[in-house]
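Asker: Mind the numbering: the sequence shown is residues 0 to 899 in numbering that gives the first Met the number 0, read in order.
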Amino acid sequence: MEEKLKILILEDTPADANLMKEAVHLDNINFISRTVVTENDFQCELETFEPDVVLSDYKLPQYNGLDALEVVKKKRPHTPFIIVTGTLDEETAVNCMKFGAVDYVLKEQLVRLGPAVKKALELKKEKEQKELAEEALRESEEKYRMLVENANEAIVVLQNNRFQFFNSKTEEITGYSKQELLKRSFIDLIVPQMRDEIQKNHRLWMDGAIEVGVLQYRIIDNDGNIKWLGGKGVRIFWNNQPAMLAFISDITKRKEAEIALSESEQKFRAFFENAPEYCYIVTPDDRIIDINNSALKVLGYEKEEVVGESFFSMVFKNSNQKMATELFRECKTRGQIRNKEIDIVTRSGEKRSVLLSADIVVNADDEIVYSLFVQRDITDRKEAAALINEQGRFLELFFSYTLDCIIMMDQDFNYIRVNEAFAKACHRKKTEFPGKNHFDFFPSEPKDIFEMVVRTKKPCTAVARPIIFQKNKKRELSYWDWALVPILNANNDVDLLIFSMRDVTDRKKAEEKLKMSEERFRSLIFKIQAAVMVYDSNKKILMSNTIARDLLGIQRDTKTLERKMGAAWEFYREDGSILPEDEYPVNRVLKNQELLRDVILGVNNPAKKTIVWILVNADPVLDEAGYVKQIIVSFVDITERKKYEEKLRELNQELIRSNRELEEFTYVVSHDLKEPLRKMASFSEFLNSDYSGVIDEDGISYLNRIQDAADRMKDLIDNLLEISRIGTRKKELMVVDTRRLVEDVLRLLQFRDNGNFNKGSKRFDDTNNNTIILSRLPSVVADSTQLFQVFQNIISNGVKFHKPDTPAKIKIKAKKRGEWITFSIQDNGIGMEEQYLEKIFVIFQRLHTKDRYAGTGVGLALCKKIIERHNGKIWAESKIGEGSTFYFTLKKGISHEIKR
Ligand code: ADP
Numbered sequence: 000m001e002e003k004l005k006i007l008i009l010e011d012t013p014a015d016a017n018l019m020k021e022a023v024h025l026d027n028i029n030f031i032s033r034t035v036v037t038e039n040d041f042q043c044e045l046e047t048f049e050p051d052v053v054l055s056d057y058k059l060p061q062y063n064g065l066d067a068l069e070v071v072k073k074k075r076p077h078t079p080f081i082i083v084t085g086t087l088d089e090e091t092a093v094n095c096m097k098f099g100a101v102d103y104v105l106k107e108q109l110v111r112l113g114p115a116v117k118k119a120l121e122l123k124k125e126k127e128q129k130e131l132a133e134e135a136l137r138e139s140e141e142k143y144r145m146l147v148e149n150a151n152e153a154i155v156v157l158q159n160n161r162f163q164f165f166n167s168k169t170e171e172i173t174g175y176s177k178q179e180l181l182k183r184s185f186i187d188l189i190v191p192q193m194r195d196e197i198q199k200n201h202r203l204w205m206d207g208a209i210e211v212g213v214l215q216y217r218i219i220d221n222d223g224n225i226k227w228l229g230g231k232g233v234r235i236f237w238n239n240q241p242a243m244l245a246f247i248s249d250i251t252k253r254k255e256a257e258i259a260l261s262e263s264e265q266k267f268r269a270f271f272e273n274a275p276e277y278c279y280i281v282t283p284d285d286r287i288i289d290i291n292n293s294a295l296k297v298l299g300y301e302k303e304e305v306v307g308e309s310f311f312s313m314v315f316k317n318s319n320q321k322m323a324t325e326l327f328r329e330c331k332t333r334g335q336i337r338n339k340e341i342d343i344v345t346r347s348g349e350k351r352s353v354l355l356s357a358d359i360v361v362n363a364d365d366e367i368v369y370s371l372f373v374q375r376d377i378t379d380r381k382e383a384a385a386l387i388n389e390q391g392r393f394l395e396l397f398f399s400y401t402l403d404c405i406i407m408m409d410q411d412f413n414y415i416r417v418n419e420a421f422a423k424a425c426h427r428k429k430t431e432f433p434g435k436n437h438f439d440f441f442p443s444e445p446k447d448i449f450e451m452v453v454r455t456k457k458p459c460t461a462v463a464r465p466i467i468f469q470k471n472k473k474r475e476l477s478y479w480d481w482a483l484v485p486i487l488n489a490n491n492d493v494d495l496l497i498f499s500m501r502d503v504t505d506r507k508k509a510e511e512k513l514k515m516s517e518e519r520f521r522s523l524i525f526k527i528q529a530a531v532m533v534y535d536s537n538k539k540i541l542m543s544n545t546i547a548r549d550l551l552g553i554q555r556d557t558k559t560l561e562r563k564m565g566a567a568w569e570f571y572r573e574d575g576s577i578l579p580e581d582e583y584p585v586n587r588v589l590k591n592q593e594l595l596r597d598v599i600l601g602v603n604n605p606a607k608k609t610i611v612w613i614l615v616n617a618d619p620v621l622d623e624a625g626y627v628k629q630i631i632v633s634f635v636d637i638t639e640r641k642k643y644e645e646k647l648r649e650l651n652q653e654l655i656r657s658n659r660e661l662e663e664f665t666y667v668v669s670h671d672l673k674e675p676l677r678k679m680a681s682f683s684e685f686l687n688s689d690y691s692g693v694i695d696e697d698g699i700s701y702l703n704r705i706q707d708a709a710d711r712m713k714d715l716i717d718n719l720l721e722i723s724r725i726g727t728r729k730k731e732l733m734v735v736d737t738r739r740l741v742e743d744v745l746r747l748l749q750f751r752d753n754g755n756f757n758k759g760s761k762r763f764d765d766t767n768n769n770t771i772i773l774s775r776l777p778s779v780v781a782d783s784t785q786l787f788q789v790f791q792n793i794i795s796n797g798v799k800f801h802k803p804d805t806p807a808k809i810k811i812k813a814k815k816r817g818e819w820i821t822f823s824i825q826d827n828g829i830g831m832e833e834q835y836l837e838k839i840f841v842i843f844q845r846l847h848t849k850d851r852y853a854g855t856g857v858g859l860a861l862c863k864k865i866i867e868r869h870n871g872k873i874w875a876e877s878k879i880g881e882g883s884t885f886y887f888t889l890k891k892g893i894s895h896e897i898k899r
């Protein structure tokens, strides 16, 4: 059902109100109405009744139309207000219309009311619709504004390169504030080198040559950073002028990545195209996508012939499918293949050997996109190797059997071949090496040196380089001589590297030891008191200590003593004669490898201007082959000793001479004394026998005493002669069995052998019950006659000086002490006071009178002389009343000589 129109009527005359209603009715308007008179009612109905149209009288008793219009405008602005009046002039009407009434109708012309209401309602409707539309527009504008403001890209309207509009993202991207952007031309932001181009381009936009287009700018932002901006532009009209609406974002990161990518692509391309190796890009299903020039050249194809074809059939020809699948499988599972030696076949059927390497390229889903195959041609190298083999199989044998480590590697230091010695040194198998890189095994090796060899194409050697085999704990630090030699091909490029190494650890250690011992030796020769000089086999002085240099008067830098000597010095023998050159100590050692011991030489010391006497020892130092390597000459200054010895010798000779004179004198005197003595004895005997009747008893007694004295005199002279002869007699030293000698002595002294006594000793007795115990006695070197005299004298003294009523008991023993034998002859006789123990060895010295004990006092003096002549010593120990022991020493005789 159609809704009824609500009409609020403000009219104080009810008839007029009815007329109005009628008039509206007449126009077939279906309506309900309320009629009010007062302001209060009017306002009330306006609220509650919600009229669609207000019809108002202009003049009311308590209210008026204009005020009512005012209220409607405020409270229901869309409700049309029509003035219905009877006395309204033109002016009032205009006034009402001015205030917002939609129409006015005169009461006299109420027929117009119906159409006026209709028209007012239409107007209202129109107005409402317009408002709605306006609202909608406003809302949609807000939405776009929000969109633009929050867009993730800069949205800009540019007109003649000036910012007409831009969102806040624009500020963010450019780094400039709104004000700054408004002030600036867009061109100012562009990098200078791009400005012209952009300006030209912009003109095209403005002229309408471009409607829609892709934009790309490089700008400098407010912080000075260069940014890549990119986006889309649309040609629009802005304020009736052509403009460009641009949607721009910061694409710097993407752009940089693109550049990097394209650089790497370029690099890859460059490598791929120019690599001397044969390169192929192959799909997982064995189709060649790309192939480089080297590969095309060697295979003999054009690119078009190869791309899209099977890699395996193109490159390996008739080789079997099995190998292909095997290669792909290996590539897939391990992601790479390294230096697999394989043959390829060219179009013409020629076979070439290559080292094949491959890498796979996968996409984000880990699927293989393609494989890159790289082949290094080693045919020439192999042929060269084969040639070498033909030319000399010994080289191959040498390679295999030499103890030096030899490695062949390519210019990237990948092993091609290693020999057994190297494998052994690494504790690995030979087959483990080919294809592996040297620096994977020896990361600490000096790669720069290797690279230098490749770069300079010059060999490099090193001596005793320390190397640590890291995985081999046994080997620790070792030293190696090594040589790295580049082998160049016909193009003068490094084709191969031969790396040879020799373990010199032992040599190095020996050298170090030698160095240490040399140092020790050196420090020793500077410490010792002797002069030391060390020569090499060319007689060059290697070392000399200060003492040596002082003694010889040479400078520290003197290198060749011999040469100097030839000019300024001479060596002298002890007898003063000049030593011939071939007898120089150094020459003697060099010539005969002999050790020189205690050679006395005189040398002219130019500094001291005297002859220095030296006692020289020299020793050769032999090398392993037994040749003289060095000569160590040591010597001491014996000049002082020599002087002293000289003096001593002179004195000795003097002494010998005077002794001889004395002995001769004694002999002559003794001999001459005997003659008158003999006369005294014989004439006194004549007197005694021929004149016994004439001479009385006293005379006879005197004569007897003369005879006794003469006899005694004779004994003395004989003893003297004996003594004097000892020195003049020639020495006849021999090995003497002393036991036998003593036994002979005892027999002479009338002793009898009484057999074994104890522990090999023998006992001898005489008729007076004197006993002698003779121990085992050794052999000595002596003059036997004289030794006989010694024993005879000492034993007979022991018998002679026995205690009254006590028979003598004598023990004869011997003790060894090194080379010397000490004999002891112990008696139980009367003994002597200690103070006389030396005196008894002096000639004619006796402790007793000749009446008590017969004797001349010569015996012990004789013994002393004999023993000292044998370089021995003689002495006695004694105690009065207890007995005496006589000792003497002699040199031991050698046992095997005794038997002879
Ligand atoms: P002689 O026996 O002819 O007197 P010696 O030269 O043999 O001369 O001895 C010198 C002296 O040494 C002896 O006179 C004696 O006084 C003393 N004498 C030597 N041997 C012994 C002894 N075995 N016991 C005691 N006195 C001794």
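Note that beta-carbon positions come from the ideal geometry of N, C-alpha and C, so glycine has one too.
Since we're looking at a predicted model, the values are computed, not measured.
1) Give the secondary structure of Asp-752 by DSSP, where H, G and I count as helix, E and B as strand, and everything else as coil.
2) Spell out the partners DSSP gives Val-632 in its beta bridges.
3) Run through the DSSP bridge pairs and tell me what Phe-165 is partnered with.
4) Select from Arg-851, Met-831 and Ala-860 the residue whose C-alpha is nearest the C-alpha of Gln-844.
5) Is Ala-547 near the ligand ADP, going by C-beta to nearest heavy atom under 7 Å?
6) Please classify Gln-791 as buried or exposed, where buried requires at least 16 neighbouring CB atoms within 10 angstroms.
7) Nearer than 7 Å: is that true of the beta carbon of Gln-844 relative to any heavy atom of the ligand ADP?
8) For a minimum of 3 consecutive residues, which ranges assigned as the beta strand (DSSP E) are wholly contained in the region 323-350?
9) Tell me which same chain residues have a C-beta within less than 6 Å of the C-beta of Arg-416, skipping the five on either side of it?
10) Ignoring anything shorter than 3 residues, give me the beta strand (DSSP E) runs that lie fully in the region 419-497, in order along the chain.
11) The ligand ADP and Ile-527: does the residue's C-beta get closer than 7 Å to at least one heavy atom of that ligand?
12) Can the beta-carbon of Ile-28 be found closer than 8 Å to that of Val-116?
13) For the ligand ADP, is there any heavy atom lying closer than 7 Å to the beta carbon of Asn-769?
14) Between Asn-870, Glu-107, Asn-718 and Lys-808, which has its C-alpha nearest Thr-884's C-alpha?
15) What residues match up with Pro-241 in a beta bridge as DSSP calls it?
16) Would you call Ser-657 buried or exposed, if buried means 16 or more other Cβ atoms sit within 10 Å of its Cβ?
17) Output the residue ranges of the beta strand (DSSP E) runs that lie fully inside the region 660-693 and measure 3 residues or longer, sorted by chain position.
18) Within a Cβ cutoff of 8 Å, which residues of the same chain sit near Ala-420, ignoring the five residues on either side of it in sequence?
19) Between the Cα of Cys-459 and the Cα atoms of Ala-132, Asp-618, Trp-481 and Ser-443, which residue gives the shortest distance?
20) With distances taken Cα to Cα, identify the nearest neighbour of Phe-185 among Tyr-216, Met-733, Asn-362 and Val-211.
21) Any idea what DSSP makes of Lys-808, helix, strand or coil?
22) Start and end of the alpha helix (DSSP H) containing Asn-757?
23) Is any heavy atom of the ligand ADP found at a distance shorter than 7 Å from the C-beta of Asp-826?
24) Between Glu-325 and Glu-450, what straight-line distance do the alpha-carbon atoms span, to the nearest angstrom?
25) Which term fits Val-667, buried or exposed, when burial requires 16 or more other beta carbons within 10 angstroms of its beta carbon?
26) Roughly how many angstroms lie between the CA atoms of Phe-162 and Ala-259, to the nearest whole one?
27) Which term fits Pro-579, buried or exposed, when burial requires 16 or more other beta carbons within 10 angstroms of its beta carbon?
28) What's the gap between the Cα of Ile-6 and the Cα of Ala-135?
29) Quick check: is any heavy atom of the ligand ADP less than 7 Å from the C-beta of Ala-617?
30) Name the two residues that bound the continuous beta strand (DSSP E) containing Tyr-277.
31) In its own chain, which residues sit with a C-beta less than 6 Å from the C-beta of Ala-153, not counting the 5 before and 5 after it?
32) Quick one: is Lys-898 buried, meaning 16 or more other Cβ sit within 10 Å of its Cβ, or exposed?
33) Tell me whether Leu-859 counts as near the ligand ADP, meaning its Cβ is closer than 7 Å to at least one heavy atom of that ligand.
34) Straight-line CA distance for Ala-917 to Arg-521?
35) So Gln-629 packs on Val-734, CB below 8 Å; how close in whole Å?
36) In chain order, what residues of the same chain lie with their CB nearer than 8 Å to the CB of Phe-787, ignoring the 5 residues before and after it?
Answerer: Quick answer:
1) strand
2) BP columns for Val-632 point to Met-532 and Ala-617.
3) DSSP output for Phe-165 lists Val-155 as bridge partner(s).
4) Ala-860
5) Annotation for Ala-547 indicates a beta carbon at 7 Å or more from all heavy atoms of the ligand ADP.
6) buried
7) Yes, the Cβ of Gln-844 comes within 7 Å of a heavy atom of the ligand ADP.
8) 335-344
9) Met-407
10) 459-467 and 476-487
11) For Ile-527, the shortest C-beta to heavy atom distance toward the ligand ADP is 7 Å or greater.
12) yes
13) no
14) Lys-808
15) Phe-236
16) exposed
17) none
18) Taken in chain order, the residues that qualify are Thr-401, Leu-402, Asp-403, Cys-404 and Ile-405.
19) Trp-481
20) That would be Tyr-216, whose Cα lies nearest to the Cα of Phe-185.
21) strand
22) It is not in any alpha helix (DSSP H) - Asn-757 carries neither H nor E in the DSSP assignment.
23) yes
24) 35 Å
25) exposed
26) 33 Å
27) exposed
28) 30 Å
29) no
30) 277-281
31) Lys-168, Thr-169, Ile-172 and Ile-247
32) Any reading at Lys-898 must be qualified, since the residue scores a pLDDT of 30, below 50, and its modelled position is unreliable; the value itself is stated next. Exposed, by the Cβ-count rule.
33) yes
34) There is no way to answer for residue 917, as the model of the chain reaches only from 0 to 899.
35) About 45 Å separates the two Cβ atoms, so there is no contact after all.
36) Leu-740, Asp-743 and Val-744
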